Structures are given as structure tokens and as C-alpha cells.
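Undergrad: Each residue of the sequence shown is one higher than the one before, starting from 0 at the first, in numbering that gives the first Met the number 0.
Virtual Cβ for every residue (Gly too), placed ideally from N, Cα, C.
No experiment lies behind these values; they were computed from the predicted model shown.
Have a look at the structure that comes next, please.
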Amino acid sequence: MTSVRPDLRLLIEHGVKARKQGRTAAAQAAFSEALTLDAEQPDALGMLGEMALAQGDAARAHELLTRALRAKPDYAHAWLRMGEAQVALGLAHDAQASFARAAELRPDFIEALYNRARLLRALGEPAQAEACLRQALGSQRGSQTRAPTLWAQMLQLRALLQDDAGELGLALATLDQAIEGAPGRASLHHNRGVLLQRLSRAAEALAAHERALSLGLDSADAHYNRGNSLQSLGRGEEALASYRTALACDPQHALALYDSARLRWRLGHADFTQELDAAAAAAPQSALAPGIKARLLLRAGRDEQAALAYAQALACTDTVAAYHDGLGQALARLGRFEDALAAHRRAVALTPQHAAVHISHAGSLLRAGDVGQAAHVAENAVRLDPMDQQAWAFLGLTWRVAGDTASARDARDAWLNDYQQHVQVFDLAPPEGFADVASFNQALAIALAPMHSDAQAPIDQTLRQGSQTLGDIFDQGQPLVMQLKERIAQAVDRYIAHLHALPADDGHPLLGRTSSRWRFTDSWSSRLVSGGFHTPHVHPHGWISSCYYVALPTVMVANEGAATSQAGWIQFGAPDLAVPGHALTARRAVQPMVGRLVLFPSFMWHSTLPFTDSQPRLTVAFDVMPLA
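Dropping the structure here:
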């Protein structure tokens with residue numbers, strides 16, 4: 000405490016004691032009386048500033064702490080509270096400097112170091128954040144025994160930094176260390192549940208979320224994340240109840256609104272937008288719920304309803320490019336091209352550097368028959384993001400149409416989409432322990448069956464009349480899937496070796512990225528029933544994409560080795576839109592066979608032809624990305 004005269008000292012000591020006892024009014028009275036004796040007494044100003052901050056009055060706290068620091072520039076505790084006030088006021092960079100000053104004055108000031116580390120993470124400076132944490136955790140005052148709560152918070156922050164860096168295993172180990180020191184801290188169990196869910200350990204994740212709730216955590220995020228784990232375990236109705244509890248805590252929780260609607264669609268609920276409609280009615284000034292609803296309806300192909308929902312969202316805010324972009328897509332599908340293209344131009348004006356809005360614009364221009372302008376827009380998208388698979392798909396489509404117009408195949412289309420060289424077929428050998436491919440895939444089909452319990456296909460996928468698994472199936476530890484993954488990895492290596500043997504071309508989106516080092520990015524299983532198919536699409540999150548056949552209906556098996564029917568075949572080159580005056584039919588089709596893997600560029604348009612049979616068509620698919 001600053002050296003002060005006796006009467007002032009007594010008042011300040013009285014205020015400190017009263018505050019420790021929870022007598023806030025008495026404490027404020029003592030500190031205020033001290034200021035009548037010395038208007039710039041830094042300890043009294045600092046204490047009043049800290050109390051104002053605790054009461055949520057950051058502006059008043061900032062004023063009082065500024066005066067305290069003017070009188071006493073080396074007041075480390077005031078610098079800490081000043082940083083907290085600046086965070087509350089949105090002055091993040093000023094706050095970072097204040098926390099740094101507090102730690103400079105007191106190198107073992109772990110609270111200041113921790114707060115600075117949190118802020119540095121928020122500011123996108125993970126290396127500096129980790130350095131601050133390392134200093135704090137290495138401090139004697141930061142020991143687990145002397146400051147157990149703060150110690151757990153610091154480990155929790157370190158786990159978040161490790162999570163941000165993709166080091167999920169390290170993050171889980173750090174959280175376990177934190178829980179060992181603070182087993183009653185609910186947020187640690189919640190974070191652990193989120194990590195376990197991302198590691199595809201849904202049963203353990205659910206147990207962690209249940210533990211967090213039992214410790215008193217009652218937030219929208221807690222119930223939402225519990226719902227995710229329940230959904231992964233196939234407990235759909237329980238998951239929906241958990242999402243609804245999240246919405247009871249926060250009626251505008253975006254993820255709970257989105258995932259409850261998606262889940263209800265998969266469960267076959269006709270009124271799947273009920274929660275979205277309720278949220279929109281409760282907050283008519285908010286674009287959130289109608290925007291989510293519009294996005295889902297667009298993916299479901301309900302274009303008229305999607306257009307109405309986008310219009311509702313835009314009535315709330317005219318400055319969200321995604322809403323204009325979605326409206327443009329819906330209107331173009333409905334043939335209302337003038338309004339559609341106006342919406343796209345507005346989206347581009349709002350986010351001119353965002354490749355996605357240019358891609359959608361190009362697609363609608365093609366639907367309208369303006370091929371030249373579509374090519375120009377698609378070229379802009381590729382320039383903005385040279386690795387965007389959808390941008391290349393639409394640019395290639397403009398080249399193909401231009402070639403059709405000239406009554407000759409466009410060389411640029413042939414360069415991009417070499418269907419013979421870039422689409423490769425591999426008939427995989429069975430894993431060890433299986434006599435043949437058929438017996439392995441029969442066992443694999445049985446293992447995959449419990450993952451296909453949904454009443455209908457996901458609303459936001461290309462699959463029609465069937466189901467698709469949740470999460471990355473290659474990460475879920477299923478033994479037969481892991482054996483398949485090993486065989487698939489060998490085939491991917493062979494495919495990449497094939498690409499290496501082709502002429503090098505740095506400008507090509509497939510050949511220009513050829514790398515012997517790669518990783519799986521997504522993996523899933525699809526199950527089509529009679530009448531089912533996949534709509535034409537590309538894979539925006541891949542470099543190489545795939546289809547592996549696990550089980551086939553009789554109509555396909557009967558035609559193995561024959562070309563009498565292409566029911567259920569995968570085809571390449573037919574896009575998801577029509578261009579006036581052009582027959583954009585498939586350029587290649589590949590016959591399914593049990594144990595067959597088809598690999599192709601992620602930017603290549605592909606789809607599945609419908610079939611009629613009582614038996615399902617079961618596949619595994621994945622995307623691959625190169626590593627530098």
C-alpha cells in the first residue's frame with residue numbers, strides 16, 4: 000500500500016476489510032471518504048475502480064483506474080484491472096499493453112500473465128500466448144498448491160491453444176492434468192467432452208458432458224455439445240431434447256437451431272423447422288433463424304421456400320453477403336434471372352474478395368445462358384482462391400460450353416478434366432484374415448449397418464433416398480473400417496504415383512499439388528435405397544475424392560462385367576445445372592463392383608444414377624488433401 004498519513008491508512012484498511020467480508024457498501028463508503036481527504040489517493044481509487052469493474056461498470060472503472068495510475072504508475076494491480084476494464088470496453092490492444100505492464104512490474108504476477116495469454120490467443124497470437132502461459136506456470140506463485148483455481152484455468156487455456164493447433168491428443172492430456180488438480184471445475188469436464196467428441200470418442204464425451212452438468216454447468220453450449228454426443232451415439236430423440244434444452248437457455252443459439260433442424264429432418268419430422276420458426280417469431284428483428292432456415296431449404300432443393308426465407312432474413316439486415324448470395328441461387332433455380340443476378344451483384348459488392356460469392360454468381364449466369372460473363376466471374380473466383388475446387392468446376396464448365404459453341408471440344412476443358420487419366424479404378428485385395436473380397440465386405444456391411452439408422456438422408460448433403468453416417472468414420476476406431484482404411488491408403492499412394500507419371504503442370508489444380516505426403520480430411524459411409532442417387536456435385540474440402548463399394552443391390556451385381564444397364568453407376572462430367580442450348584451429359588461412367596475403389600479429382604463433377612432394387616447400395620467415401 001502507498002505510504003499515507005494515519006487517518007487515510009485507517010480508512011483504506013477499513014475498506015479492504017469490509018470488502019473481504021462482503022460488505023460492499025461499507026467498503027465503498029470508506030474508500031470514498033478517503034478520497035475526500037486526498038482526491039487522488041491511488042489505493043482508494045484502485046479499490047473503487049476494481050469494485051466498479053466487479054459491478055459491471057467498466058467505463059467508471061476505467062476512469063478511476065486511470066486516475067490511480069496517473070498518481071502511481073507502478074501500481075501493478077491497477078494495471079491488471081485496467082486491462083480487464085479495457086477488455087470489457089472492447090479496447091483489446093490497449094488491454095494487452097496493460098497486462099504486459101502489470102507483468103513487467105511483477106514478473107511473478109500470474110493473474111496478469113494469464114489474462115494477457117487469454118487476450119493474445121483472442122488476438123491471434125498463439126506463440127506469444129503460450130510464452131506467457133509458460134512463464135506463469137513456471138512461477139513459484141503459479142504452483143498448483145498455492146493457486147489451484149488459477150493453475151487449472153491456465154492449463155485449460157493451454158489445452159485450448161493446443162486444440163487450436165490441431166494437437167487434440169496433447170490438449171486432452173493437458174485437460175486431464177487440470178482435472179486432476181481441480182476435479183470439481185465443471186468447465187474442464189465440458190471442454191474435455193468437446194475434445195473427446197472431436198476425437199470420435201462419443202461415449203466418453205457423453206460421460207464428460209454428464210459430469211459437467213452434474214457439477215452445475217447449465218449453459219446453452221453445455222446442453223448443445225451433449226446433444227452432439229448423443230446424436231453420434233444414434234440416440235436421436237435424446238439429442239433433440241438436449242438441443243431444445245440449449246435453446247431454452249439461449250433461444251438464439253445458432254448451432255442448436257441449425258443442428259436441431261438437421262436432426263429433425265433426418266429423423267423424418269415433417270415440421271423440422273419448428274424451432275427455427277419459433278426463434279424467428281420470438282426475435283422478429285433478428286436475421287439469424289430465417290437465415291439458417293433459408294440455407295437448409297436451399298440445400299434441400301426447396302427453392303421457393305428458400306427464397307422467401309432469405310427475403311425474411313434480408314428484411315432484418317441488408318449487409319450479409321451470404322443472404323444475397325443464397326437468394327440469388329434460389330431465384331436462378333426458379334428462372335427469375337434478373338432478380339437473381341441483382342442479388343448476386345449485391346453479394347459480390349459486399350464481399351468482393353470472397354471466392355464463394357463469385358462461384359455462385361457464375362453458376363447463376365450459366366443458368367441464365369450468359370456464358371461469357373460466367374467465365375469472367377469464374378476466373379475471378381480462381382484468381383481469389385486458386386485451390387477452390389468449386390471455382391475450378393465452374394470455370395471448367397464455362398470452357399466446356401464454349402467448346403460446344405465452337406463445335407469443337409475446348410482444349411482447356413480437356414486439360415482440366417482428363418476423364419481417362421484423372422479417374423482411376425482400383426479393385427482392392429481383402430485385408431489379412433479374409434479369404435476373399437466378398438467375405439470382407441459382407442462383414443464390413445454388417446459393421447456399418449448400425450451407423451445407418453436415420454429415417455432419411457441429411458438435408459445438407461447430395462444423397463437422395465438413403466442415409467449417411469455422422470463424423471469421420473476413419474477416426475472412430477471400428478476394426479474393419481481401420482483395415483479398409485489401410486488398403487485404401489495403399490491405393491491412394493498408387494494413384495498419386497500415377498499422377499507423378501503424368502506431365503508436370505504447376506497450374507493444374509490436381510497435378511500442380513501432387514505430393515507423396517497427404518492426409519484424409521473427411522470420411523463417411525452412404526447407403527442408398529431403391530430410387531436413391533447422388534445429385535451432381537464436387538467436393539470443396541478435398542484434392543482427391545473417392546467412392547468404395549461395400550455392398551450392391553442385385554440389379555448392379557447381375558450386370559457385373561456387362562454394359563446392359565448403368566443403374567447405380569458413378570458418372571463424371573454432368574453438372575448440377577442446365578445451360579440453355581447445351582446438352583451437358585456425362586463424359587465417363589464407372590461400373591460399381593464390391594471391393595472397387597474409384598479415385599478422382601475433387602473438382603470433377605460427379606453423381607450417381609438411380610436404381611430400383613430391394614437391396615441397398617452401400618459405399619464408403621473420403622477426401623484427401625496434400626501435405627506440404
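Taking Pro574 as the reference, which of Glu129, Leu396, Ala25 has the closest Cα?
TA: Per the Cα distances, Leu396.
Undergrad: Leaving out five residues on either side along the sequence, give the residues of the same chain with a beta carbon under 6 Å from the beta carbon of Thr607.
TA: Only Phe532, His533, Ile569 meet the Cβ criterion.
Undergrad: Cβ atoms of Gln230 and Leu187: under 8 Å apart, would you say?
TA: The answer is no: Cβ separation not under 8 Å.
Undergrad: Whole angstroms are fine: how far does the CA of Leu64 sit from the CA of Leu79?
TA: Cα to Cα, the separation comes out at about 10 Å.
Undergrad: Any contact of the segment 588–602 with the segment 538–550, i.e. 3+ C-beta pairs under 8 Å?
TA: The segment 588–602, when compared against the segment 538–550, does touch it at the 8 Å Cβ threshold.
Undergrad: In chain order, what residues of the same chain lie with their CB nearer than 7 Å to the CB of Glu203, ignoring the 5 residues before and after it?
TA: Excluding positions up to five away in sequence, the list reads Leu195.
Undergrad: Can you tell me where the alpha helix (DSSP H) holding Gln477 begins and where it ends?
TA: Per DSSP, Gln477 belongs to no alpha helix (DSSP H) and is neither H nor E.
Undergrad: Kindly indicate which residue of Tyr494, Gly506, Gln423, Ala488 has the alpha-carbon position closest to the one of Thr520.
TA: Ranking the options by Cα distance to Thr520, first place goes to Ala488.
Undergrad: Ser228 by DSSP, collapsed to three states: which one?
TA: Residue state, collapsed to three classes: helix.
Undergrad: Please name the residue in Leu9, His540, Gln614, Asp37 whose C-alpha comes closest to that of Gly530.
TA: Selected option, being the one with the closest Cα: Gln614.
Undergrad: What residues match up with Cys546 in a beta bridge as DSSP calls it?
TA: DSSP output for Cys546 lists Val597 as bridge partner(s).
Undergrad: To which residues does DSSP link Phe336 through a beta bridge?
TA: Phe336 pairs with nothing; no bridge assigned.
Undergrad: Kindly list the residues whose CB is nearer than 7 Å to the CB of His252, restricted to its own chain and excluding five residues on each side of it in sequence; keep chain order.
TA: Correct list, in chain order: Ala219, Tyr223, Ala245, Leu246.
Undergrad: Ala448 to Ala503, Cα distance in whole Å?
TA: Answer to the nearest angstrom: the Cα atoms are 43 Å apart.
Undergrad: If you follow the alpha helix (DSSP H) that Val376 is part of, which residue opens it and which one closes it?
TA: Taken as a continuous stretch (DSSP letters only), the alpha helix (DSSP H) holding Val376 covers 370–383.
Undergrad: Touch check for the segment 286–302 and the segment 470–487: three-plus C-beta pairs under 8 Å?
TA: Contact fails: fewer than three Cβ-Cβ distances are below 8 Å.
Undergrad: On a CA-only basis, which of Ser524, Ile495, Ala577, Gly511 is nearest Pro535? Give me that one, please.
TA: The residue with the shortest Cα to Cα distance from Pro535 is Ala577.
Undergrad: Identify, in the order they occur along the chain, each residue of the same chain with its Cβ nearer than 6 Å to the Cβ of Gly141, setting aside the five sequence neighbours on each side.
TA: Here the model assigns Gly141 a pLDDT of 48, short of 50, so the residue's position is not dependable, and the following value carries that caveat. Ile109, Ala135, listed in sequence order.
Undergrad: Going by DSSP, name the residue or residues bridged to Thr618.
TA: Beta-bridge pairing links Thr618 to Ser525, Tyr548.
Undergrad: In the structure shown, what three-state DSSP assignment does Asp426 receive?
TA: In this structure, Asp426 counts as strand in the three-state DSSP scheme.
Undergrad: Rounded to whole angstroms, how far is the Cβ of Trp542 from the Cβ of Phe571, which I believe are closer than 8 Å?
TA: With 8 Å as the limit, Trp542 and Phe571 do not qualify as a contact, their Cβ atoms being about 16 Å apart.
Undergrad: Could you give the uninterrupted runs of the alpha helix (DSSP H) lying entirely in the segment 76–109, keeping only those of 4 residues or more?
TA: For the segment 76–109, whole alpha helix (DSSP H) runs of length 4 or above, ordered along the chain, are 91–104.
Undergrad: On the premise that Ala43 lies in contact with Leu52, defined as a C-beta separation below 8 Å, what is that separation, rounded to the nearest angstrom?
TA: Going by Cβ atoms, the distance from Leu52 to Ala43 rounds to 15 Å, so no, they are not a contact pair.
Undergrad: From Gly506, Asn379, Leu149, pick the residue whose C-alpha is nearest to that of Arg117; which is it?
TA: Comparing Cα positions, the closest option is Leu149.
Undergrad: Residues in its own chain within less than 7 Å of Leu239 by CB, not counting five upstream and five downstream?
TA: Ser259, Leu262, Arg263, listed in sequence order.
Undergrad: Which same chain residues, not among the five before or five after Ala281, have their C-beta less than 7 Å away from its C-beta?
TA: Contacts found: Pro250.
Undergrad: Three-state secondary structure (DSSP) at Gly141?
TA: Note that Gly141 scores a pLDDT of 48, beneath 50, so its modelled location is shaky; the value from the coordinates is reported in the next line. Three-state DSSP puts Gly141 in a helix.
Undergrad: Buried or exposed, going by whether 16 or more other CB atoms sit within 10 Å of the CB of Asp492?
TA: Classification for Asp492: exposed.
Undergrad: Can you round the beta-carbon distance between Leu479 and Ala446 to whole angstroms, since I take them to be within the 8 Å contact cut?
TA: Going by Cβ atoms, the distance from Leu479 to Ala446 rounds to 5 Å, so yes, they are a contact pair.
Undergrad: Within the same chain, show all residues whose beta-carbon is closer than 7 Å to that of Phe473, passing over the 5 residues directly before and after it, in chain order.
TA: Closer than 7 Å at Cβ, skipping near neighbours: Val480, Lys484, Phe519, Ser522, Phe621.
Undergrad: May I ask you to report which of helix, strand or coil DSSP gives Gly325?
TA: In this structure, Gly325 counts as helix in the three-state DSSP scheme.
Undergrad: Rounding to the nearest angstrom, what Cα-Cα distance links Leu174 and Glu49 in this structure?
TA: The straight-line gap from Cα to Cα measures roughly 31 Å.
Undergrad: Excluding sequence positions up to five away, which residues of its chain have a Cβ less than 8 Å from the Cβ of Phe393?
TA: Taken in chain order, the residues that qualify are Ile358, Ala361, Gly362, Leu365, Ala373, Ala377, Ala380.
Undergrad: Taking the beta carbon of Thr611 as the centre, do at least 16 other beta carbons fall within 10 Å, making it buried, or is it exposed?
TA: Per the 10 Å Cβ criterion, exposed.
Undergrad: CB-CB under 8 Å to Glu209, same chain, minus the five flanking residues each way: which ones, in chain order?
TA: For Glu209, where only same-chain residues beyond five positions count, the Cβ hits under 8 Å are Arg225.
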